[in-house]
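Worksheet for the structure shown next.
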Amino acid sequence: MMFADDIVICSESREQVEENLERWRFALERRGVKVSRSKTEYMCVNEREGSGTVRLQGEEVKKVQEFKYLGSTVQSNGECGKEVKKRVQAGWNGWRKVWGVLCDQKISARIKGKVYRTVVRPAMLYGLETVSLRKRQESELEVAELKMLRFSLGVTRLDRIRNEYIRGTAHVGRLGDKVREARLRWFGHVQRRESEYIGRIMLDMEGARQEAKRKAKEEVYGWN
Numbered sequence: 001m002m003f004a005d006d007i008v009i010c011s012e013s014r015e016q017v018e019e020n021l022e023r024w025r026f027a028l029e030r031r032g033v034k035v036s037r038s039k040t041e042y043m044c045v046n047e048r049e050g051s052g053t054v055r056l057q058g059e060e061v062k063k064v065q066e067f068k069y070l071g072s073t074v075q076s077n078g079e080c081g082k083e084v085k086k087r088v089q090a091g092w093n094g095w096r097k098v099w100g101v102l103c104d105q106k107i108s109a110r111i112k113g114k115v116y117r118t119v120v121r122p123a124m125l126y127g128l129e130t131v132s133l134r135k136r137q138e139s140e141l142e143v144a145e146l147k148m149l150r151f152s153l154g155v156t157r158l159d160r161i162r163n164e165y166i167r168g169t170a171h172v173g174r175l176g177d178k179v180r181e182a183r184l185r186w187f188g189h190v191q192r193r194e195s196e197y198i199g200r201i202m203l204d205m206e207g208a209r210q211e212a213k214r215k216a217k218e219e220v221y222g223w224n
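Going by my numbering, 22 is the number at position 22 of the sequence shown; the sequence numbering is gapless.
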């Protein structure tokens with residue numbers, strides 16, 4: 001049985017989307033692969049009034065405000081709040097899987113930190129190298145992480161132990177710093193690709209707001 005999955009078509013207009021979608025449909029179906037109409041969806045970013053609907057062979061394609069791609073949630077308004085909440089939940093799910101080790105008083109804080117960095121943190125960091133986090137969202141992630149570390153070390157906020165001491169005891173650095181390190185690695189991979197690579201093209205997209213565009217470029221080129 002042949003199938004294709006996780007295909008995303010990006011275009012600047014509805015007409016281009018329909019044209020590219022029809023090309024994909026024709027290429028796939030001539031090779032015996034059928035495009036699922038029920039699973040095909042489209043999303044508009046910065047939608048203008050009267051943009052119309054997308055159709056495939058005359059059938060209207062379902063419109064959504066968000067979709068999940070390769071484990072990450074993409075929202076039509078460009079926000080990442082839902083993805084951050086899912087990363088927090090994924091972290092707690094990972095923590096619960098190894099809570100027997102993390103909360104064992106016989107195990108040293110150093111070993112607990114190593115288990116945490118191996119099992120829990122990757123779940124929280126997944127995909128965040130390409131997400132534009134705001135300060136409050138980064139804080140939301142770090143608050144959740146510190147709560148997990150405090151549980152693991154058997155302390156509460158009533159003990160009035162500083163966050164830096166908690167991190168130092170478990171040998172766990174700041175999550176925000178790890179996100180920025182991941183961005184640098186990702187940026188390096190993109191910069192080494194050919195100039196026609198879509199990832200490099202996306203870094204130089206022209207925005208509507210000049211100030212926002214300037215700040216975004218300063219941040220991107222500040223990674224280099």
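We put the CB at the ideal spot given by N, CA and C, even for glycine.
### Task
Would you decide whether serine 38 is buried or exposed? Buried here means 16 or more other CB atoms lie within 10 Å of its CB.
Working through the sequence shown from its first residue, we reach residue 38 at position 38. Flag for serine 38 reads exposed.
### Message
Are there any heavy atoms of the ligand NAD lying less than 7 angstroms away from the beta-carbon of serine 108, as far as the coordinates show?
### Response
In the structure shown, the ligand NAD is absent, as is every other ligand, since no ligand is present at all.
### Query
How do the region 163-174 and the region 105-114 stand: do at least 3 beta-carbon pairs fall below 8 angstroms, yes or no?
Judged by Cβ distances under 8 angstroms, the region 163-174 makes contact with the region 105-114, as three or more pairs qualify.
### Exposed unless 16 or more other CB atoms sit within 10 angstroms - verdict on serine 132
Your numbering for residue 132 matches position 132 in the sequence shown. Serine 132 comes out exposed.
### Query
Could you give the distance in angstroms between the alpha-carbon of lysine 178 and the alpha-carbon of glutamate 29?
Locating residue 178 in the sequence shown gives position 178, where the first residue counts as 1. Locating residue 29 in the sequence shown gives position 29, where the first residue counts as 1. So the two alpha carbons sit approximately 44 angstroms from each other.
### Message
Quick check: what's the CA-CA separation for glycine 71 versus lysine 82?
### Response
If you number the sequence shown from 1, residue 71 lands on position 71. If you number the sequence shown from 1, residue 82 lands on position 82. Distance between the alpha carbons of glycine 71 and lysine 82: 12 angstroms.
#### Entry: Sub-8 angstroms separation of tryptophan 99 and valine 120 beta-carbons
Within the sequence shown, residue 99 is the residue found at index 99, counting from 1. Within the sequence shown, residue 120 is the residue found at index 120, counting from 1. Taking 8 angstroms as the Cβ cut-off, tryptophan 99 and valine 120 do not qualify as a contacting pair.
### Message
Quick check on this structure: which residue in Leu146, Arg55, Gly199, Arg180 has the alpha carbon closest to the alpha carbon of valine 17?
### Response
For the purposes of this step, residue 17 is taken as residue 17 along the sequence shown, with counting starting at 1. Selected option, being the one with the closest Cα: Arg55.
### Message
Less than 8 angstroms between the beta carbons of glutamate 140 and valine 74, yes or no?
### Response
Numbered from 1 along the sequence shown, position 140 holds the residue referred to as residue 140. Numbered from 1 along the sequence shown, position 74 holds the residue referred to as residue 74. With respect to valine 74, glutamate 140 sits apart: the two C-beta atoms are not nearer than 8 angstroms.
### Task
May I ask you to list the residues that DSSP assigns as paired with arginine 192?
On the sequence shown, position 192 is the one that residue 192 refers to. None; arginine 192 has no bridge partner.
### C-alpha gap between glutamine 57 and asparagine 20, whole angstroms
On the sequence shown, residue 57 is found 57 positions in, with the first residue counted as 1. On the sequence shown, residue 20 is found 20 positions in, with the first residue counted as 1. If I take the Cα positions, the gap works out to 12 angstroms.
### Nearest neighbour of tyrosine 42, chosen from Glu66, Val33, Arg23 [CA to CA]
One-based indexing of the sequence shown puts residue 42 at position 42. The shortest C-alpha separation from tyrosine 42 is found at Glu66.
### For glycine 176, the nearest candidate out of Val143, Ala109, Gly32 (CA to CA)
As a first step, residue 176 must be located in the sequence shown, where it is residue number 176. Selected option, being the one with the closest Cα: Val143.
#### Entry: C-beta atoms of cysteine 103 and serine 152 nearer than 8 angstroms
As a first step, residue 103 is located in the sequence shown; it is residue number 103 there, counting from the start. As a first step, residue 152 is located in the sequence shown; it is residue number 152 there, counting from the start. Yes, they are a contact pair.
### Task
Could you spell out where the beta strand (DSSP E) holding serine 72 opens and where it closes?
On the sequence shown, residue 72 is found 72 positions in, with the first residue counted as 1. From DSSP, the beta strand (DSSP E) with serine 72 extends over 72-75.
### Message
With H, G and I counted as helix, E and B as strand and the rest as coil, what does DSSP make of glutamate 79?
### Response
Translated into positions along the sequence shown, residue 79 becomes position 79. Coil.
### Message
Using C-beta distances below 6 angstroms, list every residue in its chain close to glutamate 145, excluding the 5 sequence neighbours before and after it, in chain order.
### Response
Taking the first residue of the sequence shown as 1, we reach residue 145 at position 145. Hits under 6 angstroms: Leu175.
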